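Undergrad: Under the numbering used here, the sequence shown is numbered contiguously, ending at residue 246. Every residue, glycine too, gets a C-beta built ideally from N, C-alpha and C. This one's a predicted model, so the numbers in the text were calculated from it and none came from an experiment.
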Amino acid sequence: MESLLDLNMKVAPLFFLFCSLICNRGKCSSPDSLYAFQQLYNGRAWKNDNPSLAGDPFLYTNAYLKGSVTIHGHTFDPVRLKYDLWRDEIVTPMITGEPLQLNKEGIDSFTLLFDNRIVHFRPLMHGQVKELEGYVEILYEGKSALYMRHTKKVDRSAVENKKDTYFQQRQLYYVMGGEAFPVSGRRDFFRILGDRRVQAKEYMHKNHVKVSSKRPESFAAVARYIDSLK
Numbered sequence: 017m018e019s020l021l022d023l024n025m026k027v028a029p030l031f032f033l034f035c036s037l038i039c040n041r042g043k044c045s046s047p048d049s050l051y052a053f054q055q056l057y058n059g060r061a062w063k064n065d066n067p068s069l070a071g072d073p074f075l076y077t078n079a080y081l082k083g084s085v086t087i088h089g090h091t092f093d094p095v096r097l098k099y100d101l102w103r104d105e106i107v108t109p110m111i112t113g114e115p116l117q118l119n120k121e122g123i124d125s126f127t128l129l130f131d132n133r134i135v136h137f138r139p140l141m142h143g144q145v146k147e148l149e150g151y152v153e154i155l156y157e158g159k160s161a162l163y164m165r166h167t168k169k170v171d172r173s174a175v176e177n178k179k180d181t182y183f184q185q186r187q188l189y190y191v192m193g194g195e196a197f198p199v200s201g202r203r204d205f206f207r208i209l210g211d212r213r214v215q216a217k218e219y220m221h222k223n224h225v226k227v228s229s230k231r232p233e234s235f236a237a238v239a240r241y242i243d244s245l246k
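Structure follows, in structure tokens:
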């Protein structure tokens with residue numbers, strides 16, 4: 017089997033040609049821009065950890081989606097991406113077509129375009145927010161934050177002649193004071209708000225705001241209102 021080092025040695029000349037062509041088309045204007053493209057294609061070959069399973073480890077679809085990636089403050093847009101929920105890594109195709117797992121270190125954020133909606137993600141490193149780390153979908157960020165954590169796990173309860181399969185989970189978190197609290201519904205959210213729950217309920221009643229775990233983005237308006245209080 018060809019080693020990753022051998023693959024990189026073969027791909028490197030093509031990569032620099034690719035970057036040069038992009039620069040010649042006006043996509044980059046300085047050596048710093050060329051360096052930034054090297055940062056984008058910095059990673060390792062992606063492999064499927066569970067090829068025998070039914071389904072796939074990706075969010076939304078097995079196909080590459082249009083998206084963007086911001087690395088060390090430099091945004092690349094558009095970029096073809098997949099989000100591997102099993103590994104909690106993002107993947108993009110190299111110019112050879114082989115999937116490349118991007119180096120999470122240095123990634124500030126990324127987006128995916130799905131179902132006519134741009135979905136925003138950011139990484140939370142270990143210790144950054146208590147009780148939560150990895151890539152999260154951003155529903156709201158202010159003094160507090162609302163994040164959705166997507167994961168895929170394996171159901172190994174398959175019967176005879178059936179394959180084990182992936183199943184997807186998601187969990188909403190309300191982040192306050194540097195700590196993440198899981199939110200399963202209205203009761204959890206009001207309990208976390210503590211003394212602010214009375215004001216939250218008044219705001220919701222006055223403005224006809226309804227929140228539901230089926231529409232996690234619905235909590236954002238209430239979180240934004242709570243942040244506006246002194």
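#1: Between the alpha carbons of Arg231 and Gln187, how many angstroms are there, rounded?
#2: Mind checking which residues open and close the alpha helix (DSSP H) that includes Lys217?
#3: With DSSP run on the structure shown, which of helix, strand or coil describes Ala161?
#4: Does DSSP classify Pro198 as helix, strand or coil?
#5: Is the beta carbon of Val95 closer than 8 Å to that of Val107?
#6: Name the DSSP beta bridge partners of Gln187, please?
#7: Would you kindly report the start and end of the unbroken alpha helix (DSSP H) that includes Ile242?
#8: Output the distance between the C-alpha atoms of Pro109 and Ser160, rounded to the nearest integer angstrom.
#9: Consult DSSP for Gly89 and reduce its assignment to one of helix, strand or coil.
#10: At a cut of 8 Å, does the stretch 134-150 reach the stretch 181-199 through at least three beta carbon pairs?
#11: What is the residue span of the beta strand (DSSP E) that Ser125 lies within?
#12: Whose C-alpha, out of Tyr151, Ala61 and Gly122, is nearest the C-alpha of Gly113?
#13: With distances taken Cα to Cα, identify the nearest neighbour of Arg240 among His224, Ala216 and Ser229.
#14: Between Arg165 and Tyr76, what straight-line distance do the alpha-carbon atoms span, to the nearest angstrom?
#15: Under a three-way DSSP split, which group does Glu233 fall into?
#16: Do the stretch 116-123 and the stretch 205-220 touch if we need at least three Cβ pairs shorter than 8 Å?
TA: According to the structure data:
#1: About 12 Å.
#2: That run of the alpha helix (DSSP H) goes Arg213 to Asn223.
#3: The three-state secondary structure of Ala161, taken from DSSP, is strand.
#4: Strand at Pro198.
#5: When the beta-carbon positions are compared, Val107 and Val95 stay at least 8 Å from each other.
#6: In DSSP, Gln187 forms a bridge with Arg165.
#7: Counting along the chain, the alpha helix (DSSP H) containing Ile242 begins and ends at Ala236 to Ser244.
#8: Their backbone Cα atoms lie some 35 Å apart in a straight line.
#9: The three-state secondary structure of Gly89, taken from DSSP, is coil.
#10: By the criterion of at least three beta-carbon pairs nearer than 8 Å, the stretch 134-150 is in contact with the stretch 181-199.
#11: If you look at Ser125, you'll find it in the beta strand (DSSP E) that goes Ile123 to Phe130.
#12: Selected option, being the one with the closest Cα: Ala61.
#13: Checking every option, the nearest Cα to that of Arg240 belongs to Ala216.
#14: Looking at the two C-alpha atoms, the distance is approximately 14 Å.
#15: Reduced to three states, the DSSP call for Glu233 is helix.
#16: No, the stretch 116-123 does not touch the stretch 205-220.
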